[in-house]
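Chains as they are written, first to last, in my numbering: chain A, 1 to 421; chain B, 422 to 842; chain C, 843 to 1263; chain D, 1264 to 1684.
Protein chains: 4
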Amino acid sequence: MATKANSVPIPTLIEVDPFIPAPEQKGIHNRWHPDIPPVATVKPGQSFHVQCVDWTGAQVGNNDFADDLRDVDLTRIHNLSGPIAIEGAEPGDCLVVDILDVKPFDKMPWGYTGIFELHNGGGLFAREFNSRAAKAIWDFNGIYATSRHIPGVRFAGVSHPGLIGTAPSPELLATWNERERGLIAQHPNEVPPVALPPEPKGAYVGQELPDGVRKKIYEEGARTVPGREHGGNCDIKNLSRGSRCYFPVFVKGANLSVGDLHFSQGDGEISFCGAIEMAGIITFNCSIIKGGVEKFALKQPIFMPSPIDPMYSARLIFEGISVDIHGDGTQYNMDATVAYKQAALNAIAYLMKIGYTREQAYLLLSAAPVESHVGAIVDSPNACVTLALPLGIFEHDILPKEEGLVKKDFGQCAIRSDGVL
Amino acid sequence: MATKANSVPIPTLIEVDPFIPAPEQKGIHNRWHPDIPPVATVKPGQSFHVQCVDWTGAQVGNNDFADDLRDVDLTRIHNLSGPIAIEGAEPGDCLVVDILDVKPFDKMPWGYTGIFELHNGGGLFAREFNSRAAKAIWDFNGIYATSRHIPGVRFAGVSHPGLIGTAPSPELLATWNERERGLIAQHPNEVPPVALPPEPKGAYVGQELPDGVRKKIYEEGARTVPGREHGGNCDIKNLSRGSRCYFPVFVKGANLSVGDLHFSQGDGEISFCGAIEMAGIITFNCSIIKGGVEKFALKQPIFMPSPIDPMYSARLIFEGISVDIHGDGTQYNMDATVAYKQAALNAIAYLMKIGYTREQAYLLLSAAPVESHVGAIVDSPNACVTLALPLGIFEHDILPKEEGLVKKDFGQCAIRSDGVL
Amino acid sequence: MATKANSVPIPTLIEVDPFIPAPEQKGIHNRWHPDIPPVATVKPGQSFHVQCVDWTGAQVGNNDFADDLRDVDLTRIHNLSGPIAIEGAEPGDCLVVDILDVKPFDKMPWGYTGIFELHNGGGLFAREFNSRAAKAIWDFNGIYATSRHIPGVRFAGVSHPGLIGTAPSPELLATWNERERGLIAQHPNEVPPVALPPEPKGAYVGQELPDGVRKKIYEEGARTVPGREHGGNCDIKNLSRGSRCYFPVFVKGANLSVGDLHFSQGDGEISFCGAIEMAGIITFNCSIIKGGVEKFALKQPIFMPSPIDPMYSARLIFEGISVDIHGDGTQYNMDATVAYKQAALNAIAYLMKIGYTREQAYLLLSAAPVESHVGAIVDSPNACVTLALPLGIFEHDILPKEEGLVKKDFGQCAIRSDGVL
Amino acid sequence: MATKANSVPIPTLIEVDPFIPAPEQKGIHNRWHPDIPPVATVKPGQSFHVQCVDWTGAQVGNNDFADDLRDVDLTRIHNLSGPIAIEGAEPGDCLVVDILDVKPFDKMPWGYTGIFELHNGGGLFAREFNSRAAKAIWDFNGIYATSRHIPGVRFAGVSHPGLIGTAPSPELLATWNERERGLIAQHPNEVPPVALPPEPKGAYVGQELPDGVRKKIYEEGARTVPGREHGGNCDIKNLSRGSRCYFPVFVKGANLSVGDLHFSQGDGEISFCGAIEMAGIITFNCSIIKGGVEKFALKQPIFMPSPIDPMYSARLIFEGISVDIHGDGTQYNMDATVAYKQAALNAIAYLMKIGYTREQAYLLLSAAPVESHVGAIVDSPNACVTLALPLGIFEHDILPKEEGLVKKDFGQCAIRSDGVL
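Encoded structure:
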């Protein structure tokens, strides 16, 4: 018929099943290493889909307890789909990546946000809260997410890949491992650890490999937690569907990998597993600018944001400074991290006034399209950071009122089955 | 005639002359202290104007050299107008401040952005750049600013008070001084200093005072550089005209002071004197929510932003991580300040590719409506911070192009008359 | 496994095949009539998908000629999926419809925008241009559309149902038919006709029906072209995925029908088949407010727009007044339609200066996220209407320049195979 | 001192006093005619202020009765400041006008919105409502307006000139007069009249002129009510401070005139005197593009909107179609004006449900930053127009609720002293 002719679906370069543990699947890897061969090759200008499991590789379920989150094996994250080689890309080029769409699988219309234990994963307030596992399950209804564990809110997702990057060169990989080992050496026995060195346990590359190559990758491969010069786990919520990103290329073919898809995330992703984590499908179109690293002074990725990120213009904004005003009052020296934390604690205190538990508030700040700006970073000794709650995500009016705030009962999020909080 | 009847101008509670040095004027003070008496009192619900000198109190001129900036006496800043008592405000209340407008004096339609010397004031990159004084003069044309020292850009100002706050109680003042002295003790001889202790030299309160009171204020009064629990020098660009701010009240009358008006500023205000500094007029309307500190868990101000902040939706965004990739490659531990700096250095490198000098780029990032978000703050060891350049402020297209970037000649900003850079 | 449990896909209430002509499919109808029985029933609060063929029911193909468009049988449009009954809805209630998502079929990632012939369908400029069939095929790449027939643009879709409404009561249907017949009687022999009366030819209801009922529906059923009190073919681009709409209910169950999905559309949809027409899947969640018609004075639907409609803040805006300044100079009397047309003709003239053909410009204004505002409607005798071109959809800078506009060669859109234009 | 040097205020080219009737002031005119000499000349690139009286020239006062509005002498409007010649402008050029700012006089911080009588001025619903004079006085507090006559709302102004244009050539003037006389001839005795012919009574040019020239201007000068090819009374709210406008030039010097300043206005300005009318100061910067009329196909002005127009993203949107569903049910033929009116009536009915009187609702839709889009203009016979109420302007939540809308008591606006409504 008329409409069938020339109807060519966008090809899927990597297929996975979100219900099967990552280590049983092809096209997945969980370490960064230049020797991981591409599992697919694509021409510049060709749109394509890549399917991704959730970052844990199917370790977390849609249920009302947080035990699975407590027990996540973090040596096995993040499960990335790739690498994908782009024809013609060479070191020193700029890989232009159009992120055309990011969406969940139809068969798995839900995701989760989690608080990890202090001793397994941590999070921004792991020590302050002596964190125990907790989570919220989010249901996806088209562009919106809602949660039975955090009633009273509904928001449109800024869907994005938490983790996307090109493969490092051997030199770059060595640099990473060296500098991170240096930091670990300065802070031994920190809980949670300040950084993670290469670790063969849990390492995985879902393709046929000569034993020696696999061994090398597992022993040297950089862990996936931090963002680095190639992109990586930047967790930038605005690197979302519709954005255009410019990556430096370090190896022939660029070798793009992606995973850790997020339905939504707040700036900061504070609870560590703070986005709405999901399995899903990401759609790309790539092109190459020869010599782009030099042309654009490209030490790290740069990008143009999407025209369709949610527009919640009415906001309530919390300030934080680099003094521990929620704790012992310590004065820090121009520390934006402390300032961020104080702003977040101010917001959590406010959300608790309207009835959310501390865990719900922590999860909500992590998952909702919250914006955090660096206000000022030169007014010694106090960095000032703001955190903005979008008012449009709440079902009721949460603004300050003459008569005070109405405290509702929103229950509690999913916690451990032993009730430990 | 018909139109004259009932035309009642909004009253001006504090008048100053932007052309006269601050120490010769009334209604100005430059230290925070509970014993500074209010210079005016206003009823809740009454709109009023407050005039302000620029933050240096007329030390910087509209000329093409940066010598005046090099020589600014920093013991004499910031010059604040106030305090203004609001009838009925008591400790524990919340003071609601509508910032109704912020604008320059008609007779002084210009402002400046400055880089301070490493040894006098500093700035985010004072050490990296071994900063020497430099500046840009900005002309105000209605809602827009342009500069002969940074050609090729024009932008709408997010006009705001850099510094606004309620007076501290004696207890709060003591807390500030103690904790900041502690930090100074930890970092003696730092250049620039990590914090500034009370300093009678340069202290000023422009009203009649018993000698003992004046002496006490000058000896104990907190310096104005950092933002603190009462607001203060937060330099939050979105606390702009049209915003509504909720301040905690610490003394009877609240005693609101304001100054350091900015025509525009980028998130971070990185060059220290990084906003477009101006003298001008701010318009307020205040009200009180009794017991608001408890009602809203108010450890610091919270606010709702303005509906008229400039909308530059197309942006080019730079990423930064907590590794010194522009320097020696040091790995920092989840340090958002370092991440911010790296994002800014990436942006400066890009702006230099299109022809701006390093000084121009540094000033432009400070002064233009640049946005900086905390992307992720839990991906150990790398905090990830982004910095977004609004494309609409540039007269020409600065996006990455296949053929590379066109490098134009934008001259140089104002530097020292001895040519030292 | 962990992730599979409780993964319940959103159910699809109506399935169609976009490659099969509408008259061969179930669950489709193309007239409005209270006697069309619901094909599915849903409980309030249950999300569900509805699949839709394109508005012509598979009459238009992905090819480079416009012959199929020239020959579209307009007695067979619009093909709507439905009706769907919502449990508990009664006349006088308000049906709250959350439009959760609107997207194309994976297997048909393209759509079309068409100009219809003066003598078959028409369009806003059918007479002025003596329109001949022309079209543009758009490829969907995630959130973006591009066209080989209109190079140089790429934009994010404001995806929405062109046509959505509740079923009319017998009384409402009678009112429609009577008032439209009255208009037809006043303008006999108009080309294109001013309105379309009920027409059994081409009428279709894709379900088993007693002959008498089918005959009644075909003879009395209102045509689908205009929007009416129940919604209908409103072609409001901002009634898009993410919006919440409040419909009056006229029959038991409300009987919601939907179709004519648009990937994108400009305000006005000027070329008649002016949106990017597509087959696809729409996702809903409905609830009921008892007595809502009275509660909200609901003579027609009202709605809240989506937070994710594309944000193209930089625009070039054309004005039009109710004088035929592109034709014979006739002065009209406060006629916003004429003003709209003049604004559109001004924009078309501008687009032709940069190299688009008149047909391409006409199609682009129809399909892109163009905004048209009623500026003033009281300044006798001239209504003033504006039409805003979003600058961000163009690959190159189209703003007025000192040196004039660069005219590029963008080829031509798809026209008839006989070359008649 | 440092700051005084080089502080050069922007010059004011035309000064007026808003408290003195327009006919007693210089630099004002109220007809369009090529023979009105410029009152000032400016070089391209020079910023300048122009002061303007309100459109009636001081006929309306800040009081609580509408008698002055009832008695406005409409032969004496609009009072424009100008003309101002721009050096070097010639017919066929494009005059680029940067509207840098628009603000009220400090000494007159208020404005008004009015409903005119059916027999004097009219308005969109003059006949439907058999309008009697009514008004609302608005107080300006920085960027915001509030009204004692319409409590419960506060909004940021989209301040703009309602009326701005270049002088017509003799030929263009003749065209206007001829075509409008033609329309009047077709509709004799209409109330209110469909258009206004030249009228010496009330005509005014506030400068020395030879008698013959003055007589010619008064007898031939075009009335100022409608917008035309030169701009004129377009009442486009987004031609606001911060916008850049491109005007066609018809006479040597371009001869720009401006007046009818609005603090705020809704799309449509429906009550005729529907904006918040004010006296004030507008700031311009002009430049010339030679031959711009041909270069840009410039039949009418085009413009780029401001980056600082208020952002009220949450809205409640009303639909209207070209059927008189609020009256006798007449079906109109693709009439966007009727559709606009129905959308407005739907909104008025809704606002009355929450407690506003019909007059208050009519005034509010006229004055607030309401947006009206032409939804669809090709779905015969019904044009579809939408009207969007910004939710952020209301002090309380006005969204549809399960339990219905709360009806408050907002009193009434100012009406005639005889109480006739």
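Glycine is no exception: its CB is placed at the ideal position from the N, C-alpha and C atoms.
Cβ shell of residue i (< 6 Å), same chain only, five flanking positions each side left out
{"i": "G1531(D)", "result": "S1635"}
{"i": "A1037(C)", "result": "E1022, L1025 and I1026"}
{"i": "R1086(C)", "result": "D940 and M1146"}
{"i": "L421(A)", "result": "R132 and I415"}
{"i": "I77(A)", "result": "W55 and T56"}
{"i": "I819(B)", "result": "I775"}
{"i": "V759(B)", "result": "S743 and Y753"}
Chain-ordered chain C contacts of residue i [CB-CB under 7 Å]
{"i": "Y144(A)", "result": "L942"}
{"i": "A1599(D)", "result": "A1178, T1179 and Y1182"}
For residue i, the nearest candidate out of the options (CA to CA)
{"i": "W597(B)", "options": "A479(B), P455(B) and L766(B)", "result": "P455(B)"}
{"i": "V791(B)", "options": "A757(B), Q686(B) and A760(B)", "result": "Q686(B)"}
{"i": "N1269(D)", "options": "S590(B), N484(B) and P444(B)", "result": "N484(B)"}
{"i": "A506(B)", "options": "E538(B), E445(B) and V471(B)", "result": "V471(B)"}
{"i": "T433(B)", "options": "Q781(B), G713(B), F705(B) and L737(B)", "result": "F705(B)"}
{"i": "K236(A)", "options": "F717(B), A789(B) and G796(B)", "result": "First, the residue type needs correcting, since residue 236(A) is Ile and not Lys in the sequence shown. Of the candidates F717(B), A789(B) and G796(B), the one whose C-alpha sits nearest the C-alpha of I236(A) is G796(B)."}
{"i": "A595(B)", "options": "P618(B), Y783(B) and P582(B)", "result": "P618(B)"}
beta-carbon residue i near the ligand COA non-hydrogen atom, thresh 7 Å
{"i": "G543(B)", "result": "Ligands in the displayed structure: none, and consequently the ligand COA is not present."}
Other residues of its chain near residue i: CB distance less than 7 Å, five sequence neighbours each side excluded
{"i": "K103(A)", "result": "S159, G280 and I281"}
{"i": "M1371(D)", "result": "P1281 and A1542"}
Per-residue contacts from residue i into chain A (C-beta, under 8 Å)
{"i": "F861(C)", "result": "M1, T3, K4 and S7"}
Closer than 9 Å at the beta carbon, the chain D residues around residue i
{"i": "K885(C)", "result": "The premise fails here: K885(C) is roughly 17 Å from chain D at the closest Cβ pair, so nothing lies under 9 Å."}
Anticipated Cβ contact below 8 Å, residue i with residue j, distance rounded
{"i": "D1331(D)", "j": "V1512(D)", "result": "About 38 Å separates the two Cβ atoms, so there is no contact after all."}
{"i": "A145(A)", "j": "P1149(C)", "result": "About 12 Å; that fails the 8 Å criterion."}
{"i": "F1160(C)", "j": "T1066(C)", "result": "That pair is no contact at about 31 Å."}
{"i": "R1083(C)", "j": "L942(C)", "result": "7 Å"}
{"i": "S287(A)", "j": "S366(A)", "result": "With 8 Å as the limit, S287(A) and S366(A) do not qualify as a contact, their Cβ atoms being about 34 Å apart."}
{"i": "E1665(D)", "j": "I1131(C)", "result": "6 Å"}
Beta-carbon neighbours of residue i, restricted to chain B and to distances below 7 Å
{"i": "M1120(C)", "result": "Chain B residues near M1120(C): none, gap ~26 Å exceeds 7 Å."}
{"i": "M1153(C)", "result": "S734"}
Contact list for residue i against chain A, beta-carbon separation under 7 Å
{"i": "P951(C)", "result": "P9 and I10"}
Neighbourhood of residue i by C-beta distance below 8 Å, restricted to the same chain and skipping five residues each side
{"i": "V1476(D)", "result": "D1298"}
Check: When the Cβ atoms of the segment 1087 to 1106 of chain C are set against those of the segment 1591 to 1600 of chain D, are three or more pairs found closer than 8 Å?
Finding: no
Notebook entry, point to check: Just checking, does the segment 92 to 112 of chain A make contact with the segment 132 to 139 of chain A on the three C-beta pairs under 8 Å criterion?
Noted result: At 8 Å Cβ cutoff, the stretches touch.
Notebook entry, point to check: Using 8 Å as the Cβ pair cut-off and three pairs as the minimum, do the segment 304 to 315 of chain A and the segment 146 to 153 of chain A touch?
Noted result: The count of Cβ pairs closer than 8 Å, one atom from the segment 304 to 315 of chain A and one from the segment 146 to 153 of chain A, stays below three, leaving the stretches out of contact.
Margin query: Closer than 8 Å is the cut-off here; do at least three beta carbon pairs connect the segment 865 to 880 of chain C with the segment 1035 to 1050 of chain C?
Written below: yes
Margin query: Assess contact between the segment 1067 to 1082 of chain C and the segment 1664 to 1678 of chain D, defined as three or more Cβ pairs (one per stretch) separated by less than 8 Å. Is contact present?
Written below: no
Next item on the list: Tell me, please, whether the segment 399 to 413 of chain A touches the segment 455 to 468 of chain B by the rule of three or more beta-carbon pairs shorter than 8 Å.
Entry: no
Checklist line | Segment contact flag, the segment 1600 to 1617 of chain D with the segment 766 to 776 of chain B, C-beta cutoff 8 Å, min 3 pairs | finding: no
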